[in-house]
Amino acid sequence: MSRRVLIVDDNRELAENLAEILEMEGLEALVMDDPLAVLHAARELRFDAALLDVRMPGMDGIDLLRQLAEHSPDAVYVLMTAFTKEERLAQRDARVRRVLAKPFGPDVLIAALRDVEVVGAGGA
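Number 37 in the UniProt record's numbering belongs to position 37 of the sequence shown; there are no gaps in the numbering.
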């Protein structure tokens, strides 16, 4: 069974590009672009890892992570941000396994997920 990664970013195009990269690695990707809709569906969502943008309208990725972790405490949480201050803030949360600085390439994404054991050494 492949691992499922929830991708939440208000930039839908970017999220779909990330999903394509993950699917090429054998992962299943679920793309959502509205953090409030994610929360509404949180009880039904099943994922092994979540890739969350920090800066989104309606709710930031750090608050989203905290609420998602109540429903999916065993998931791996990775945050994405283009802002250094947010990156430092996100790293203070023990549930955050990795923070990726935007922009990043596919190799950085896969290496980060490999480091947190979402992607195996030879792919998923």
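All C-beta atoms in this analysis are idealised placements derived from N, C-alpha and C, irrespective of residue type, glycine included.
Within 8 Å, strictly: CB atoms of residue i and residue j
i          : j          : result
residue 64 : residue 27 : no
residue 48 : residue 3  : yes
residue 45 : residue 6  : yes
residue 81 : residue 55 : yes
Top-ranked residue by Cα proximity to residue i, from the options
i          : options     : result
residue 18 : 43, 36, 113 : 113
Nonlocal neighbours in the same chain, by C-beta distance under 7 Å from residue i, ignoring five residues either side
i         : result
residue 1 : Low confidence applies here, because residue 1 scores a pLDDT of 49, under 50, leaving its location unreliable; read the following figure in that light. No residues qualify anywhere along the chain.
Close Cβ partners of residue i (< 8 Å) along its chain, the five nearest in sequence each way excluded
i          : result
residue 21 : 106, 109, 110
Residue i (DSSP reduced to helix, strand or coil)
i          : result
residue 19 : helix
residue 58 : coil
residue 49 : strand
residue 44 : coil
residue 76 : strand
residue 66 : helix
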